[in-house]
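If you read the sequence shown in my numbering, its first letter stands for residue 609, the second for the next number, and so on.
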Amino acid sequence: MLEITIAELQKLRESEDHIEFKEAKHNYPFAGGKHVDLKDRRRCVLGGIVALANEKGGRLVLGMVDHMPHAVVGSDFAEKEVGELTDEIYKRLGIRIEATELYEDGKRLLVLSVPSRPVGRLLRFEGVPLMRTGESLRAMFDAEIFRILSEQEPDFSAKICEGLTIEDLDKEAIAEMKTQYARKQENPLFQNYPDEQVLSDLDLLKDGKLNYAALILLGKSEAIRKYLPQNNIVVEFRMYHSMIQYTARKEFQLPLFIAIDKVWDYINQPASNPLLHYNDGSYIFDIPSFNKEAIREAILNACCHRSMLIQSDVVIKQYPDSITITNAGGFRSGVDMNNILTVNSVPRSKLMSEILQKAGLVERSGQGVDKMFYNCIMEGKALPDYSGTDSYQVSLTFKAPILDTAFVIFVRKVQDNRAAAEQLNVFELLALYKMAMRDYEGLDEKIL
């Protein structure tokens, strides 16, 4: 939110301007305080933040009277502990607030700028989704909860990109799309179709106007910078996790049909993606530190699922022992770290995802995650790790080390000795993997 002055705050009204004023002179509770009654416990900083976020964001001001003209009385809440306050709010709610201290005649104000809840999600205080009603905070009604949980972001990639023309598209990217599509669909004649017909057939061109899917998949770098500057993939390499400054860094603001190969080639350099070795009898076998199929799938998923409404790049942080891919926008409603293998989520850029599927660059919804887990299991590595994910970003980490070479040898022999139609699926492999790693939590009894 924009910075604001005390004079500007004094002109605002609570009900109209998404703002809440509290005197909070001394000992104002952060999370319920010593109160027992639920209604009283909600009158705290955390309760106010939850309610504001559920109402699409606003400001919580501590140290001002709630009635006009909002006289300044000063507050000692979180004085000299503002950094710790924002950290604790993030830990509890998963949202990043901005805290600003203002002063008038020696009296201190604390202004907490609260972002909106993510689309389709609710924030809760002590298990209850709150909203403001006059001077109080109340639990949302079932109808209000259902309305929010039913929200879906519109398909960003299908939106028309005003001003974008066919001349803004990269010829090499169009040719690559044709080639990939023709191969996947087993239709070699597709490569000979006129560009405009191809764009129209794939719904990238409608009524003479190109959409954002065309820009992201096929747009020249200068067009991307002009119309969608946040459409950028950044790769950073560091030798150690404790390093602040990167060892090497490269940005890829290119059409995705071109970018994906260049990003992988940059990641897949011998020094940054070395081969790991394991012995099976007298034979030595190689496994790359980072699997091509898994990493490419993860990068393309990040591009399809990211929120373009947030000004943030797709960031890839690579280390000798791990690689983390982060995109703006949390999991879609109904998806979390525990069910990601079993729940299919609709990408935020659905049209773009469908074109990548038809061209064979990504798997159908849900199967891409299966592929990532499958490859990690078959290589005896740690499972894909989403623990860095919150409401505003998805963070996926792959670990390089082979955890159990005996398991790798065993599971590969199991698969090699089976016909293609009889090979173990990812859930059966996951059960074997968990037993091998002595991780019995969440094992599916039906598979066992």
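The beta-carbon is built from N, C-alpha and C at its ideal position, and this holds for glycine as well.
| field | Of the listed residues S995, A967, P955, nearest to D763 (C-alpha basis) | value | P955
| Based on the DSSP secondary-structure assignment, which residues constitute the bridge partners of M672? | V680
| Bridge partners of L738, per DSSP? | A747
| message | Strictly by DSSP, which residues pair up with S721? | response | R667, E706
| task | Find out if the Cβ-Cβ distance for the pair D1012, A1044 is shorter than 8 Å. | result | yes
| Neighbour-count burial assignment, R1026, 16 or more Cβ in a 10 Å radius | exposed
| query | Buried or exposed: D776, going by 16 or more other Cβ atoms within 10 Å of its Cβ? | reply | buried
| message | Do K792 and K979 have their beta-carbon atoms positioned less than 8 Å apart in this structure? | response | no
| request: Using alpha carbons as the reference points, say which of F629, V681, L964, I705 lies closest to M785. | output: L964
| field | Own chain residues within Cβ distance below 8 Å of I892, not counting five before or after | value | H885, Y886
| query | Mapping DSSP to helix, strand and coil, what is Y1000? | reply | coil
| Hey, out of V1034, Y874, N909, S744, whose CA is closest to E971's CA? | N909
| said: For the pair the region 923-943 and the region 987-1001, tell me if three or more CB-CB distances fall below 8 Å. | reply: yes
| request: Starting from P896, follow its DSSP beta bridges and name the residues at the other end. | output: L883
| task | From the DSSP output, read off the bridge partner residues of F754. | result | BP columns for F754 are empty, so no partner.
| query | Where are the beta strand (DSSP E) runs, 3 residues long or more, that stay fully inside the region 949-1027, in chain order? | reply | 1001-1007
| N1033 (DSSP reduced to helix, strand or coil) | coil
| request: Out of A707, K900, E734, point me to the one whose CA is closest to G581's CA. | output: Absent from the model: residue 581. The displayed extent of the chain is 609 to 1056, so no value can be given.
| message | Looking at the secondary structure, which residues open and close the alpha helix (DSSP H) in which Q618 lies? | response | Taken as a continuous stretch (DSSP letters only), Q618 belongs to no alpha helix (DSSP H), as it is neither H nor E.
| request: With DSSP collapsed to three states, give me the class of A783. | output: helix
| message | Going by the DSSP bridge assignment, what does Q926 pair with across the sheet? | response | F845, I931
| said: Just to confirm my understanding: we take A902, look at its own chain, exclude 5 residues before and 5 after, and list those with CB closer than 8 Å. What are they? | reply: K979, M980, N983, C984, P992, F1006
| query | Looking at C912 and S953, is the spacing between their C-beta atoms short of 8 Å? | reply | no
| Since Q838 contacts D778 with CB under 8 Å, what's their CB separation in whole angstroms? | Q838 to D778, Cβ: 19 Å. No contact.
| query | Mind checking G938: buried by the 16 CB within 10 Å criterion, or exposed? | reply | buried
| field | Member of G942, T950, P723 whose CA lies at the smallest distance from the CA of G656 | value | P723
| said: At a cut-off of 7 Å, would you count Y854 as near the ligand HEM, judging by its Cβ distance to the nearest heavy atom? | reply: This structure lacks the ligand HEM, and indeed carries no ligand of any kind.
| said: In the DSSP assignment, the beta strand (DSSP E) including I627 goes from what residue to what residue? | reply: 627-630
| query | Is the CB-CB distance between A936 and Q1001 below 8 Å? | reply | yes
| said: Looking at the strands, I want to know which residues DSSP matches up with F733. | reply: V736
| message | Please return the same chain residues whose Cβ sits closer than 7 Å to the Cβ of R729, not counting the five positions on each side in sequence. | response | S941, S999
| said: What residue range does the beta strand (DSSP E) around E804 cover? | reply: Looking at the DSSP string, E804 is not in any beta strand (DSSP E); the run it does join, the alpha helix (DSSP H), is 803-809.
| In angstroms, rounded to a whole number, what distance separates the CA positions of R740 and E663? | 8 Å
| Taking the continuous alpha helix (DSSP H) assigned at R700, which residues delimit it? | 690-701
| field | Reduced DSSP secondary structure (H/G/I, E/B, other) of E1049 | value | coil
| request: Mind reading off the beta-carbon distance from F733 to V842? Whole number of angstroms is fine, and I expect it under 8 Å. | output: About 36 Å; that fails the 8 Å criterion.
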